[in-house]
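Input: a single structure, listed below in C-alpha cells.
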Amino acid sequence: VYTKGTLADASLPGAAFERGEFGVELSQTSLAEADEILKATLEEATQAVGGNRGFLALVDMTSGELVLRFTAGEGWTDDIRRLRVNVQAAPGATNTRRGITRHVVINGRAYWTGDVSSDPHYIGFFDDVKSEIAVPLKSSSGGTIGVINIESPQSDVFNEKHIEILAPLCRRAAIVVAMAEHQLREEALISIGRDLNSASDLDLLIHDVVEQATKILRADDCSLFLMDEPSEMLELVASHGPLEEHAGRHTARYRPGEGITGWVAQNARVIRVGDPRTDPRWKGLFAEAPPSEIAALMAVPVYSQRLKTGVLRVVRQRKGSLYFLPQEFTQADEDILVTLAGQMAVAIDRTRLTDRLLRAERMAAWGEMSARAAHMIGNTVFGVKGHLNELNYILKGKSDDDLDPDWADVRELSGHVTRGIYRLEGILGEFRDFVLATQLHTVQSDINQILRNVTAETFPKHSNVDLVLNLSPGMPPILADEAKIKRAFGELIENSIDFQPEGGKISIKSSLAEPKWVNTLCKTQFQNPVIRIDFSDEGPGISEQDRARIFAPFYTKKAKGMGLGMSIVKGIIEAHGGAITEIGNDDEPGAHFVILLPIPPAEKRENGLSPQEVLEK
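Position 50 of the sequence shown, counted from 1, bears residue number 72 in this note's numbering, the numbering being contiguous throughout.
Below, the structure written as C-alpha cells:
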C-alpha cells in the first residue's frame with residue numbers, strides 16, 4: 023500500500039512487510055527524511071543533466087514489478103504515478119519492447135538514447151519526449167534495486183558524461199533506500215521482541231513471528247522445528263507457506279543430524295546456501311517446493327541453555343521475473359534470522375519454565391488434596407470392610423441348606439462387594455504411591471543386592487518366563503530409598519511377565535555406564551559416574567507412538583490398574599537423581615528399559631572400589 027510514492031507506506035527492496043502488522047510502529051521522522059532525500063536527489067539529477075522530467079522507480083522484490091516512487095517535473099498524473107511495470111514481459115505479449123527502465127533493471131547497466139522514436143526498448147507516456155537516460159540503483163550485493171530515469175524534449179541530449187554525473191547520485195539514493203530498509207527491519211525486530219517478552223499465547227505468537235519473518239526476509243516459507251523431548255526428534259510446529267498443513271501434526275520430523283535441518287540442530291550452526299541440492303547434507307525430506315525450484319535456503323539454530331536446540335529456516339523459490347537479481351540470502355538476512363531465533367528461544371524457554379512452575383504448584387496442591395482424600399476414603403473403606411467381615415462371619419456359620427434363596431443371594435453379593443473393596447484399596451494404594459513417589463528416605467545401598475531381593479520377592483516361583491540376572495560385581499554403593507526403588511523395579515518385572523503370557527525371558531543387567539553413552543541414552547546431564555540397569559524382555563515391545571506416552575499418568579494398555587505404574591516408576595527414578603528411557607527397536611524383540619542412577623561423590627561413599635576401578639576390573 024502506498025500513496026504518491028512515499029517510502030513510509032511502500033514495501034522496500036529486500037523487505038516486503040506492511041505497516042501496522044504485528045504492532046510495528048515505524049519512525050515517521052526518519053522515513054520522512056529518507057523521502058525528502060530521495061525526492062531532492064531525483065530533482066538534482068534531473069537538473070544536473072538538463073532534463074525536464076524524471077522519475078525514480080524501485081523494484082518490488084516480491085512481485086518483480088517496477089514501481090514509480092518519486093517524480094520530478096511537470097505532466098505527471100496520479101494514474102501514471104501509480105503505474106507498476108512488470109520487469110518480465112507477460113507470456114504471449116505481442117509488444118516485445120521492454121521499456122528502457124525495465125531494460126536497465128534487467129541488464130544492470132546505464133542506457134541512453136537520443137531518439138526515442140527509433141529506440142527498440144522505448145515505451146512512451148509523454149508525447150514531447152525525444153531523449154531519455156536511465157541509470158541503475160545498485161544494492162551492496164550488486165543487484166539492481168531501482169532506476170533513476172530522466173527525459174528531455176530535445177534530441178541527442180545525453181551521453182556518457184551524463185552517466186558519470188548521475189552515478190554518485192544513484193549511489194546516494196541506493197544508500198538511502200538501504201538505510202530505510204534497515205530501519206524498517208530493525209523496528210520490526212524490536213516490536214517482535216517486545217511482543218515475545220509479553221506473550222501470553224506462545225503458540226499464536228510463534229505463528230505470527232514465522233509469518234513476519236517470511237515477509238521481512240522476502241521468503242516464500244518460514245518454518246520452525248522444535249525438539250520433541252519424548253521422541254528426541256525435530257518436529258515442525260509452525261510454518262508460513264506450503265508446509266503449513268504439516269505443522270503440529272507429527273508428520274514432518276527430522277532426527278538430529280538428518281538433512282540440513284537436523285545438522286543445524288545437532289551442531290548449533292547456521293547454514294546458508296543457494297541451490298540446496300549442491301550441499302551434501304541436503305536430504306529434501308520435507309521441502310517447501312520441488313528442489314529444482316528452490317533458489318535459496320537458510321537455517322539457524324533456536325537454542326538456549328535450558329532449551330533443546332530447534333531450527334528456524336526460510337526458503338526462497340526461483341522467480342523468473344527476478345532472474346536478474348541475486349536471490350540468495352545475505353549476511354544481513356542471516357543476522358535478522360539469528361536475532362529472531364534468539365528472541366524466540368528466550369520466549370519459549372521463559373514460557374516453558376513458567377508452565378513448569380505452574381504445573382509443580384498444581385501437582386503439589388493436587389498431591390495434598392489426593393493424600394487427604396485417600397486418607398478419608400481409606401477410613402471409610404476400613405469401616406465398610408469391618409461391616410463386611412461381620413456379615414461374612416454370620417454367613418460363614420450357615421450352610422447353603424440353612425439359607426433361604428434371598429440369603430444365598432446375599433452371600434453372593436457379599437463376595438462381589440468384598441472383591442470391589444479390595445480393588446478400591448488397590449487404587450488407593452496406587453494413588454498413595456504416585457503422590458509419595460518423590461518423598462525419599464535414602465540410605466547407602468548395594469544396587470545388586472536390591473535387584474536380588476526384588477526378583478526373589480516379585481518373580482513367581484513357578485513361571486513359564488525365564489529370569490536371567492547379569493550383575494556386575496563390585497558396584498559402587500548408591501544413596502537409595504530401598505523400598506521405593508524396589509517398587510520401581512518390581513513394576514518393570516510385573517509388566518514384563520504380564521506381557522509374556524505364553525512364556526519368554528526377562529533379562530536384568532547391572533553395570534557401570536560408559537560415560538560416552540550416557541548422553542545418548544537420555545536427556546539428563548550427570549555430573550558424576552552413573553550405574554546402568556537394563557530390563558529387557560521378549561514380549562511385544564513398545565511402538566514409537568507408545569514410547570512417547572508410556573510414562574504419562576493414566577496411560578495404560580493393561581486391563582487392570584489406573585495407568586499410574588510407569589509414571590510412579592519414572593517419579594521414583596528421577597527423585598533419586600536418575601533417568602529412565604526405553605530403547606527397544608525393530609531389530610530385537612520385546613521392550614528394553616534402561617535406568618541410570620548417579621553414584622554419589624567419594625566423600626558420601628564408604629571405602630570401596632572407585633567407579634574407574636570397577637570399569638577397569
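Ideal Cβ positions, reconstructed from N, Cα and C, are used throughout, including at glycine.
Computed from a predicted structure; not experimentally measured.
Item                                                                                                                       : Value
Residues that DSSP places opposite R75 in a beta bridge                                                                    : G95, E173
Three-state class that DSSP yields for R335 in the structure shown                                                         : strand
Buried or exposed by the 16-neighbour rule on C-beta atoms within 10 Å, applied to Q365                                    : buried
One or two residues paired with D556 in a DSSP bridge                                                                      : K531, V616
Residue of L534, D141, V368, E516 minimising C-alpha distance to K527                                                      : E516
DSSP-derived helix/strand/coil call for M249                                                                               : strand
Residues near R75 in its chain [Cβ-Cβ closer than 6 Å; skip 5 each side]                                                   : G95, E173
Residues that A56 bridges to, as DSSP identifies them                                                                      : Note: A56 sits in no beta bridge, so no partner.
Beta-carbon separation (whole angstroms), A79 vs T123, contact threshold 8 Å                                               : 6 Å
Range of the contiguous alpha helix (DSSP H) that encloses T603                                                            : Here T603 belongs to no alpha helix (DSSP H); instead the beta strand (DSSP E) covers 601-604.
Proximity of V286 and A241 at Cβ, strictly below 8 Å                                                                       : no
Assigned exposure category for K506 - 16 Cβ within 10 Å defines buried                                                     : buried
Run of the beta strand (DSSP E) containing Q466, from where it starts to where it stops                                    : 465-467
Stretch-stretch touch, CB-based, cutoff 8 Å, three pairs: the stretch 266-273 with the stretch 310-320                     : no
Residue from Q466, D243, A235, F351 whose Cα sits closest to the Cα of V292                                                : F351
Start and end residues, beta strand (DSSP E) containing V292                                                               : Element bounds for V292: n/a, residue is neither H nor E.
Contact belief for A363 with P323 at Cβ below 8 Å, rounded distance in angstroms                                           : 7 Å
Selection from T331, I170, D297 that minimises the alpha carbon distance to Q702                                           : No information on residue 702 is available, as it lies outside the stretch 23 to 639 that the chain covers here.
Continuous alpha helix (DSSP H) stretch holding V126: start and end                                                        : 122-129
Nearest residue (CA-CA) to V439, options N289, Q466, N411                                                                  : N411
Which listed residue (M249, D609, W304, I185) has its alpha carbon closest to that of L334                                 : M249
Cβ-Cβ distance between E604 and I564 below 8 Å                                                                             : yes
Nearest residue (CA-CA) to G332, options R303, G279, R294, D301                                                            : G279
Neighbour-count burial assignment, P158, 16 or more Cβ in a 10 Å radius                                                    : buried
Sequence-distant residues of the same chain with beta carbon closer than 7 Å to N470, five excluded per side               : L493, M497, S532
Straight-line gap, A111 to P142 (C-alpha atoms, nearest Å)                                                                 : Any answer about A111 is weak, because its pLDDT of 47 lies below 50 and its placement is not dependable; what the coordinates show is given next. C-alpha separation (whole angstroms): 15 Å.
Candidates G599, P482, L256: closest to L501 by CA position                                                                : G599
Cβ distance (whole Å) where I590 is taken to contact I617 below 8 Å                                                        : 14 Å between Cβ atoms; not a contact.
Residues that H262 bridges to, as DSSP identifies them                                                                     : C244
Beta-carbon contacts of G146 that lie in its chain and below 8 Å, excluding the five residues immediately before and after : V138
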